[in-house]
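Heads up: take any position in the sequence shown, counting from 1, add 707, and you land on the working numbering.
Heads up, the beta-carbon is just placed ideally off N, CA and C, and yes, glycines get one too.
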Amino acid sequence: MEFYEVINKRRSIRQFEDKPISKETLERVLDAGLKAPSSNHQRQWELLTLTDKALIHDLAQLVRPYPCRITEPKTPQQEMFKIAYPRQRSMIEESACVILPYFKMKYDLKDSKNDYGLMDYGAAWALVENILLAATAEGLGSVVHIPVKTEPVKIKEFMQVPDGYYLPTLIMLGYASPDALTPAQVPATVEKKVRWNKW
Ligand SMILES: Cc1cc2nc3c(=O)[nH]c(=O)nc-3n(C[C@H](O)[C@H](O)[C@H](O)COP(=O)(O)O)c2cc1C
């Protein structure tokens, strides 16, 4: 797929078909992630990659669907909440692959003395975006879930991850269900969002 077609096609998909992804495809997607830029020229990432459906099911039980009272959304954001909130667990359960992109934490993210931790966090997200785009190029749907509250600790314990690693997000991949819901996109055009040479 042509690069800008990939950019324009990528959407967050939260409903997947029950269909596995070939190892070769996953390896290309993971390799694309690992090619991302990184602070300190370290690439200190460990991509814990789950394809075992029973394991994925058990991992999903650590994430709660969020309640959502919106019945008639009035904005694209409300539409997203209505689609996304109740599917935080099921989108993991339905996915064919979950990638846990752990990165080595040298500096505390919340350290007020310096922002070095944020650099590694930023690099992790460069990796995440490469994965989302590569997945799109492979004809896959993808979505992220940011672990909140007790989820990071529970996931770390469940996967027996050693200390010193931080999980910025869970990445779910799979073939999109033909009925997959996506909210209206929020338009962000060069015309409206770019200021040339002055604010
Ligand atoms: C930093 C970040 C955090 C996100 N967290 C979640 C999440 O926890 N659960 C979820 O379903 N989607 C999550 N998303 C996906 C956004 O809801 C989605 O990107 C946004 O609604 C735009 O839709 P699109 O991805 O289809 O363009 C996240 C996206 C980003 C960039």
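Would you say the beta carbon of residue i is closer than 7 Å to some non-hydrogen atom of ligand 1?
i: R718; result: yes
i: R771; result: no
i: M866; result: no
i: R721; result: yes
i: M812; result: no
i: H748; result: no
i: M787; result: yes
i: Q768; result: no
i: I799; result: no
i: A791; result: yes
i: L853; result: It should be pointed out that residue 853 corresponds to Ile in this sequence rather than to Leu. The answer is yes for I853.
i: T778; result: no
i: Q892; result: yes
i: T843; result: no
i: T896; result: no
i: V850; result: yes
i: Q751; result: no
i: T758; result: no
i: T889; result: yes
Look up residue i in the DSSP assignment and say whether it is helix, strand or coil.
i: T756; result: strand
i: M826; result: helix
i: I777; result: coil
i: M787; result: helix
i: M866; result: coil
i: P808; result: strand
i: I720; result: coil
i: S802; result: coil
i: L766; result: helix
i: D818; result: coil
i: E709; result: coil
Beta-carbon within less than 6 Å of residue i's beta-carbon, same chain only, minus the 5 sequence neighbours each way: which residues are those?
i: Y792; result: Y773, C775
i: E724; result: Y882, S884
i: A841; result: V736, A739
i: K716; result: T843
Could you round the C-beta distance between residue i and residue j to whole angstroms and report it? I think they count as a contact, below 8 Å.
i: K726; j: A803; result: 6 Å
i: L888; j: Q722; result: 7 Å
i: G871; j: M812; result: 6 Å
i: I806; j: L754; result: 6 Å
i: G824; j: L834; result: About 16 Å separates the two Cβ atoms, so there is no contact after all.
i: L880; j: I728; result: 6 Å
i: K742; j: N837; result: 6 Å
i: M798; j: V850; result: 6 Å
Less than 8 Å between CB atoms is the rule here; does residue i satisfy it with respect to chain D?
i: M798; result: Absent here is chain D; the protein component of the structure consists of one chain.
Leaving aside the five residues before and after residue i along the sequence, list all residues of the same chain whose C-beta is less than 8 Å from its C-beta, in chain order.
i: P854; result: V770, I862, L874, T876, L877
i: Y809; result: W752, E753, L754, L755, V868, Y872, Y873, L874
i: M866; result: L755, L766, L807
i: S800; result: One point to set straight first is that residue 800 is Glu, not Ser, in the sequence displayed. Contacts found: I763, H764, A767.
If I measure Cβ to Cβ from residue i and keep anything under 7 Å in the same chain, skipping five residues before and after, which residues do I get?
i: I777; result: Q785, F788, K789
i: T732; result: E845
i: Y890; result: A small fix is needed here, since residue 890 is Pro in this sequence, not Tyr. For P890, where only same-chain residues beyond five positions count, the Cβ hits under 7 Å are P783, E786, M787, I790.
**Prompt:** For the segment 829-906, which segments carrying the beta strand (DSSP E) assignment without a break, of at least 3 residues, lie completely within its bounds, in sequence order?
**Reply:** 848-852, 877-881
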